[in-house]
Amino acid sequence: MRFRVGTKAVAVLGLVLLLTGCWGNLPVNDRILVLCMGIDPAKSPNQFTVTFQSPTPSSVTNSSQGGSTGSGGQSDVFAVKGTGQSLEAAFNQAQAKVSKDLYLGQLQVLVISNQLKPALLKRAITSLQSIGTLDKTPYIVVANGSTFKILQQISPQAKFPSLYFISLFGCVSCQTDALGMRFWQYLVRIDTRGVDPYVPVALPFSQGYSVDRVALYRGYHYVTMLDPTQTTTFGILQGLAHKVSLYVPKFHATVAFLTGPSLLTTQVVDGQIRAIFDVHLTAMLMGLDPHSETTQKVSDISQMASQILARRGVTLIRQLQHQDVDPLGIGRMLSWQHPGTFSHYPHWHEEYPKVHVIVHCVVKITDVGTTK
Amino acid sequence: MWPFSRHKAKFNAKRSTIPSHPDQPPKSQAMKLVETLKTSEETLEHLTGFDLGLLKDLVTETQTFSKRLEALGLDWASGNSSTPAKTLDEFSGNIEAAYDRLKSTVGQSPDIIIRRFFIGQRQQVPALLTFVDGLASNEMIDQDTVTLMQSFKGTTSLQLNPLIAHQIIHDSVVSVGHATVETKWSKLIIDLMGGNTIVFIQGCPEVLVLDTVNYPARAIPTPMTERAIKGPQEAFNEVILTQMNLIRRRIKSPNLHFDPVKIGQLSQTMVVVAHVEGVTNPELVMAIKRRLASIQIDTLVYSNTISESLSSSRSLFPQVRSTERADIVARDLSMGKVAIMVDNTPDVLTLPATFIDFYQTTDDYTASFWEASLERLVRLLGLFVGLLLPPLYIALSSVDPELLPTKLVITIAGSRVGIPFPPIFEVIIMWTIIEILREAAIRLPKGLSTTLGTVGAIVVGTAVVKAALVSDIMIVIITLTALGLFTSPVYEMAVPWRILFWFVILAAYFLGIYGIILALIVILAHLASMENFGVPYLSPFGPLRVRDLKDSWVRFPERNMVYRPVSLRTVSPKQRTRHPQKPMVSPQLHQAQKEHFDNEV
Amino acid sequence: MNRDAVERLPRISAMQFATMITSGYIALGIFYFPRQAISDAGRAGLWSIILDGFITWILMHLLFRLNRLVPNETLTSFAPKIFSKPVGFVMGLYTIVYNFMLAIAAVTLFGFVLGDIFLPLTPIWIIVGALVLTAVYMGWGGTTGLARTLQAGYTPVAILTLLTGLATGLLVRHPVLLLPPENFPVIPILHGAWQEYVIFIGFQLTITLYPFIRNEQRKQAEKYTYIALGIVIAALVIEYEVMIATFGPSYITQLRWPLVSLMRILSVQGFFIDKFGLLVVALWTIIVAGFTAVRLWSLAHDTMAMFRLKGAIAYHIVLAVSGLALILASTVISNAQFDEILNERYLIPAGVFYLVGIPLALLPVAYLRSTAVKKLRSQTEATPPPIG
C-alpha cells in the first residue's frame, strides 16, 4: 500500500515537472533562432544598436516542406532591433519586442559596422565572448555603413542571408580568396600581439552580396578597406588564394587559378628586421594561341606573372606599413621565431613600419589550358 | 470451497503415508458422522427453509471421504496378513481394494479408465488395468497388453507363484517395449498421470507400469519467434522427450548429460538439466541444480517461472536466454553452458547468459562472417536508434539546439510550427499509439492483424500529422524507434529497452544531451554490476575479454574463434584445435583430369 | 586464513586497475590544460607538461613500492599498525578529506562547464546533483562493478576523445608553432609544472586500490598503469601542440577552459550534429562521472577502513552519505573562479605534500620496522577460497 502511494506521488510529481517545462527546455519552434546579428553605432553616442535577424515562421514552414523560395514578395527574414549602452541592454530591448525567446545558439553570421568606434566595438566583442551558448564559430563580416542593409538584403541563391554566408565561407575553393573569418579567429588576432585582424566586407547589391574586399583593423580601430585587387594580393600573401587570375598584357595571356602556399619567415640582420614572403603558386595558362605556344614563352609568362605579383605584394605591404596595420602577422612571426628580439620592442607598432620586406614569388604553370 | 473439506483432504494425505492403527477401523466413525450430518441437514431444512447447498456439499464430501477410507482400509487389511511391515502407501495385491481405491480417488474423473479383466482363458487370474484416456496409446493397450494377456495360456504358473506374477507377465506376455515395476501408490498415480498404463495382478503386490505414453503433441514445428534465413528450421515442441531427442541428435557424445528433476507439488513437472561433461564447469552445473532444488512451488507450467528463480537480481534485463531453436541450445551446450528443459514448454532455457548472447542468433553462424558482422552491427545500430532517437530528438530540439546544423534546425522548427505539444508529448502520443497497435496486432487473428498494420501505419500515421497533433519528423523517428528496438533476435531483450526508453526520455527532457549521457552511464553501470552464476553480464566488454570480443558486435571467421567464452570458465577452454597445415590446399585437378582422359583413350 | 582478505575477493584485473587509476586523475586538470603552463612559460610550457609526467612516474614508482610492503591492505588500514594509531588516524583523515575536496573541485568545475555551454538556465546544483547521483550508482555495484563500468564506458570515450584530439589537428593554422620550443626558462617551467600538476594529483588512488588487484596480476597492473600514464602524457603533448598551433600562445592564456574552447570550434559539415566537438565535451561526462565515482569509492573504502566498518550495507550507506555530502558541499563553491583558486591554492600543495610525503615518511619507517611489516604482510595474505 505504501509502495503504491509512493509510486503515485512520484508519477504526479513527474507529470507536474513535465508540464512546467522546466529550465532550459524550450522547443525550437518556441524560440526565435537568431541566425545573423548586426552591430551598429546608435545615434546617441556611446550606444549601439543590435539587429537580430531570424527567419519568419512561414519561411521556416516552407523550407521544411521543401517548398519554393520567395513567398510572394514577402521577406523570408525579419529583424528586431535593440539599442543600449551594452550588448545585454540592447538584447533586452529587442527581446521585449518579440513574443518568443531570442536564441543565440544558432548564430551563424556576425556583422559589424565599420563605423563602430573602437571602444564600442571592444565592449561588444567582450560581451559576445561571455555568452556561454554562443560558441565562437560564427563568421564575422564587416558592413560598409549600416549593417541593416546587409541583413535585409536577400540573395536569390539562398533563402536566408546566413545560409548564403555559410555556403560562401564554408566552401574554401569556391572563392577567389578564402578570406572567411570565424569569430574565434578574429579573437585570436585581437588578443595576439603583432598581428591585426582583417574582416571580409560584404557589400549588398541588387542580386545579393559581393564579398571581394577586406577591412583592416588596428586592434579595434577601423583603418581601411582594401580594393579587390589589393585583396587578391593580400590573399596570395596569406596563402589563401584559390581562384585568382592575372592578365599578362605583354603576351595577351591569362594566368588563372593561381593557388599555393605562402611562407613567411623573419630574420634579424644587424638589428634590422627582415620579413621574407616565399610564395609558391601553381597556375593554369589560358587564352594563349596553341600554335604560338612554346616552352620558352610559357616560362616567360610565368616569370612575368611572378614579377607582377611580387611587385604588387611589396606595394601592398608598403602601404600597410605606412598605415601601420599588420594583418599579415609579421610581428607575430617575429615573436615566434625570434622571441628575444620581439620582446625588446614594447611597442611593436613603432617598429613595424621599419621592417624590410622581401617578396619572393614563383608562379609555376602546370597546365597550359584548353586543347582545341 | 468448504473449509472443512480442505482439512479432511489433509487428513487423507497424511493417512496415505502413515500407518494407521489397526484396532480403530475408521469406517464406523465416518458413517456416524454422515448420518449425523444428514439428520441435521434435514432438520435445518425443515426449520429454516433455506437452500443448504454448502451443507449438501459437505455431506457429499464426507461420503466420498468415507468411501476412500473404506478402500484404504480394505487395501490395508488385505495386505496385512502377508507382509506385516506394510504402509498404506503400498499396494496390497488385492485387486478389489485397488479398484476401490482408484475409483474413490482419481477414478472419479472421466479421463481415467479403470478396467477389470482376467488373464488367461481357462484358469482366469483377475487383473486390473488403468490408464489415462488420451495420454496413453490405445493401440498399445489393446493389442500389446489386453489381447495378449487375455489369450495367455500359462496362467497356472501365475496362480502358483502370485508374488512373481508380474515378472512372468513382463517376461512373456506384454509386448510393450518399456515396462517397469512399482509398488508405491504415490509413484503409481504420478506414472499413471504421465500416460503410463498400470496393470495390477491379483495376489501380486508389485505393479507393472507399462510405458504406453503417447502424448497429444505437435509435430516438430518451424521456429516462429526466432526465425532464420538459413540453417536448421527445427524448433522444440512441448514434449520434453522430443526436446531431448532434438539435442541428442546434434550432440552425440556420451558426455551429454540429461539430469531430471521434478518440480511442482501439484504439477510434478519434469525438468531436465542438460550439460556436456568435460566442457561445462561442474561448479556451474551443481549451482544450477541446487538452485532448482530450492524451488518450492505447486505448479510449474511455464519455463519462465523457473527462469526468475535462476536470475540473481530483479533486473529488467533477462539473465536467462530462452530459445525455441534446437541448434542454439546445442551450440550453447557445446560452448559450456547449461540448458534447462521444462516439460510442456517449448522454450528451453540456456544459462548463464550474457548481454551479448541476446544479440547472437543462428543466422550469424550460417552466414559468412562478413554478413554476420554486418548483421550484428545493424543490431547494435538498431539498439542505438531505438533507444536514443526520440531522446536525442527531444534533447536537440528542445534543450540543446545549438548542436544541430542550421538547416536541420530550421527543418525541425518548420515541421513543428502549429503543433500544440512539446516534443515529449509528441513522443508519448506516438509511442502509445505504437504500443496499442503492437499489442492489438499480437492478440488479433492473423488475417486481421495485417489489416490493422495497414490501418495503423497509413491511417493513423497520416491522420495524426494532418490533425497537427504530431510533427511529420516524429513519425519517422517513432517508426525507426519501434523497428530498431526489435532488431534483437531474442524478443525478451526488447522489453528492458522499451522500459528504459522512458528513463532516457525523461533524462533528455530535463538535462538534454547531458541527461542522455548520464542515463546511459546509469544503464551501463547497472549492466556492468550484474552477474549471474558468477558470469559477468557485460562480458566481454566489462570485464574486457579481448578473446571473446571476436564473437561480439563483429564475428570473426570461424577459424579464429579457437576458444570457448572465457567468462564461462569452461573445463576445456579450447573448442577448436588449430591446424597449421592446410591439407590439399590446391588439389591437382588438372593432373587428375588429364590422367582420367588418358586412361579412357 | 584472514577473513578480511577473503571477503575482499572477487578482485579486479590489471587492466581494470589501470583504467580506474587513470580515470582517477585526469578529469580535474584537463579543463584548465594548458593555460597555466603557457601563461607561465609561454611556448616552453611543453616542458612543464613533460616534467609533470616524469615526476608522476617517479612518485607512482614510490607509491607502488609502498603498496608492495603490505599488498593486501590499504594504506589507511596498515599505516596505524606501522606508525602509531594517532598518526595513522591523521593520515587516514587526511586521505578522506583530500579525496572529498578533489571530488568537490571536479564536480563543480564540470557543473560550471556544462552550465555555461549546454544548460545555461539549469541551476548548477541540479547538474552537479545528477552527476554525483550517477557516480554513486556507478560505485553501488562495488569495486568490480565500478571497474567493469569504467572498462566498458570510460575506455571507449577516452579513445574517442583521443581520436577527436587527433582530428583537431585539422584546425592547426600555424605549423611553425608545432616545432618544439628551443628555450628553457627554468623558473617559469617549474612554476608552470607546479600549477599544471592539478592534472596528476588524483593518482594517490593507488594506495587504496592496490589491494584489490588479483595477486598474480600485480606486476602487470603496475606495468599497465605506467603505460596508461605514457598514453596520457602523449595525448597531453599532442593536444598541447595542436592547441598552441591553432590558437597561438597569447590567446590560450585568455581562455578559461582552453581544451573545451578547442573542442567547440571543431565542427563536422553535413552530419546530424555539426558541432561534433561539443558532443565530445558532453561525452566527457563519463570521464568526470568516472572520476567522481572512483573518488567516492575510495572515500567509502577509506572511511570504512578507518572506522572498521564491514559489509555491503555499510558500504552503501557510506557511499550514499558521501554523495549527498558532496552535493551539499559543492553548493558552497559559487563560481568557476573560486573553483580554480581552490585548485591552485589548496589542492595542488595538499596533493603534492601527500604524494611526496607519504612515501618519504613510510618507506624509511617500514625499512626500520621490517619485521613488523613482514608479520603484517603474512597476516593479511589471502588464502584462496576453497574449491567446491
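Protein chains in written order, with this note's numbering: chain C, 348 to 719; chain G, 64 to 664; chain U, -10 to 377.
For every residue, glycine included, the Cβ atom is placed at its ideal position computed from N, Cα and C.
For glycine 517 (chain C), the residues of chain U that pass the 7 Å Cβ criterion are Gln258, in the order they occur in the chain. Taking the Cα of valine 175 (chain U) as reference, the smallest distance to any Cα among U:Gly31, U:Thr214, U:Ile347 and U:Leu155 is reached at U:Gly31.
In the structure shown, tyrosine 143 (chain U) adopts helical secondary structure according to DSSP, grouped into three states. For arginine 334 (chain U), not one C-beta of chain C is nearer than 8 Å to its own C-beta. In this model, valine 539 (chain G) and proline 468 (chain G) are separated by some 19 Å (Cα to Cα). Per the DSSP secondary-structure output, aspartate 196 (chain G) pairs in a beta bridge with G:Ala199.
Interface criterion met: the Cβ of serine 239 (chain U) is under 8 Å from a Cβ in chain C. Taking a Cβ-Cβ threshold of 7 Å, none of the residues of chain G is close to isoleucine 254 (chain U); the smallest such distance is about 13 Å.
The alpha-carbon separation between proline 317 (chain G) and valine 342 (chain G) amounts to approximately 12 Å. According to the DSSP assignment, histidine 703 (chain C) belongs to the beta strand (DSSP E) that extends over 703 to 714.
Per DSSP, arginine 164 (chain G) is not a residue of any beta strand (DSSP E); the alpha helix (DSSP H) it occupies stretches across 158 to 167. Residues Asn88, Leu194 and Thr197 of the same chain have their beta carbon placed closer than 6 Å to that of serine 287 (chain U), with the five preceding and five following residues left out of the count. The Cβ neighbour count for arginine 658 (chain C), taken over all protein chains shown within 10 Å, is under 16; the residue is labelled exposed. For glutamate 245 (chain G), the enclosing beta strand (DSSP E) has its first and last residue at 242 to 245. Nearest in C-alpha terms to glutamine 522 (chain C), of all of C:Val456, C:Lys496, C:Thr606 and C:Phe495, is C:Thr606.
Within chain U, the residues whose beta carbon sits less than 7 Å from that of aspartate 463 (chain G) are Phe107, listed in sequence order. For the C-beta of aspartate 538 (chain C), the chain U residues within less than 7 Å are, from N- to C-terminus, Ser239, Tyr240 and Gln243. The C-alpha of threonine 123 (chain U) is placed about 56 Å away from the C-alpha of threonine 571 (chain C). Shown here for alanine 160 (chain G): same chain residues with a beta carbon closer than 7 Å to its own, the five before and five after excluded, namely Ala134, Leu137, Asp138 and Ser141 in chain order.
Of all residues in the region 424 to 455 of chain C, only Tyr450, Gly452, Gln453 and Gln455 come within less than 8 Å of chain G when Cβ atoms are compared, listed by chain position. By the neighbour-count definition (other C-beta atoms within 10 Å, threshold 16), glycine 237 (chain U) is a buried residue. Within the same chain, and ignoring the five residues on either side of leucine 454 (chain C) in sequence, the residues whose Cβ sits closer than 8 Å to its Cβ are Val381, Leu382, Cys383, Met384, Leu481 and Pro485. With contacts defined by Cβ atoms closer than 8 Å, phenylalanine 280 (chain U) and alanine 16 (chain U) form a contacting pair.
Pairing lysine 95 (chain G) with valine 122 (chain G) gives a Cβ-Cβ distance that is not under 8 Å. Judged by beta-carbon spacing, leucine 48 (chain U) lies within the 8 Å limit of valine 345 (chain U), meaning their Cβ atoms are closer than that value. Look at proline 402 (chain C): its C-beta is under 8 Å from a C-beta on chain G. A check of alpha carbon separations from glycine 191 (chain U) across U:Pro348, U:Leu336 and U:Val354 identifies U:Leu336 as the nearest. DSSP lists G:Arg618 as the bridge partner or partners of aspartate 614 (chain G). If you compare the alpha carbons of U:Thr274, U:Ala94 and U:Leu35 with that of leucine 331 (chain U), the shortest gap goes to U:Ala94. The Cβ-Cβ distance between valine 489 (chain C) and proline 547 (chain C) falls below 8 Å. For the region 471 to 483 of chain C, the beta-carbon criterion of a distance under 7 Å to any beta-carbon of chain U is satisfied by Gly479, Thr480, Asp482 and Lys483.
Contact between glycine 42 (chain U) and isoleucine 222 (chain U) holds, since their C-beta atoms are separated by about 4 Å, short of 8 Å. Residue pairing from DSSP leaves asparagine 367 (chain G) without any beta-bridge partner. Here DSSP, grouped into helix, strand and coil, assigns glutamine 656 (chain G) to helix. Spanning the alpha carbons of lysine 352 (chain G) and histidine 589 (chain G) requires a straight line of approximately 27 Å. By the Cβ neighbour-count rule, lysine 216 (chain G) is exposed, with fewer than 16 other Cβ atoms within 10 Å of its own.
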